[in-house]
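Shown next, in structure tokens, is the structure this report addresses.
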Amino acid sequence: MQEEQEFIQELLNPKTQNQAFEKLLKEYQRPLYNHIRNIVLDHDDANDVLQNTFVKVFQNLNKFKGESKLFSWMYRIATNEALTFLNQKAKKNGVSSETLQNKTIDNLKADVYFDGNDIQIKLQKAIVLLPEKQQLIFKMKYFEELKYEEISTILGTSVGALKASYHLAVKKIEAFITKN
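Here the UniProt record's numbering is used: the first residue of the sequence shown is 1, the next is one more, and so on.
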């Protein structure tokens, strides 16, 4: 934790800020991209949201209180940016978020950055049917293999509630895949 506090000081110090931010980008770009991509599904959209996330992180570093790990704080920003992006895109297109996500899933096979198969498409279709919070919990646990404690910090939910939501999500997904 001491090392992280020193790193945050480097990020806040105008003399070391640029070098520290490059280090931050190098370390967190890939995991944040993967997290955002799991939410928005589309590669180009994920890149846009990732860029917005790093802009927000940079602009708000001075507001980071250190009550959580820097990683968790950035994931929370990325999550909020991704959800906001989806809601704005759905509103702009005059459709619901679920309809937008289903359309995106239908386009996944044409996405050169998607290397999944029909089973993974079916899994994505099952996930879209879950309530938004269950989607997030499932994706963070299943795809990103985050610990419940990390997800709890990112989403501001108790570990017990996360475990229950994840279990429920798995049951719904299993039922969908079995039925379809």
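Glycine included, every Cβ here is placed at the ideal spot set by N, Cα and C.
Note that the structure is predicted; figures quoted are calculated from it, not measured.
First and last residue of the alpha helix (DSSP H) that includes K23? From DSSP, the alpha helix (DSSP H) with K23 extends over 17-40.
Got a sec, what are the start and stop residues for the alpha helix (DSSP H) T178 sits in? Residue range 159-179 is occupied by the alpha helix (DSSP H) that includes T178.
Is the separation between the beta-carbon of I127 and that of M140 shorter than 7 Å? For I127 and M140, no; Cβs fall outside 7 Å.
Between which residues of its own chain and I173 is the CB-CB distance below 8 Å, once the five residues before and five after are set aside? Scanning its chain for C-beta atoms nearer than 8 Å, with the 5 sequence neighbours on each side dropped, one finds around I173 the residues L123, A126, I127, L130, F138, in chain order.
Reducing DSSP to helix, strand and coil, say where K65 ends up. Coil at K65, not helix or strand.
Report the three-state DSSP secondary structure of L11 (helix, strand or coil). Three-state DSSP puts L11 in a helix.
Reduced DSSP secondary structure (H/G/I, E/B, other) of L70: In this structure, L70 counts as helix in the three-state DSSP scheme.
Residue closest to F58, alpha-carbon to alpha-carbon, out of N13, E149, T157: Comparing C-alpha distances from F58 to each of N13, E149, T157 shows the shortest one belongs to N13.
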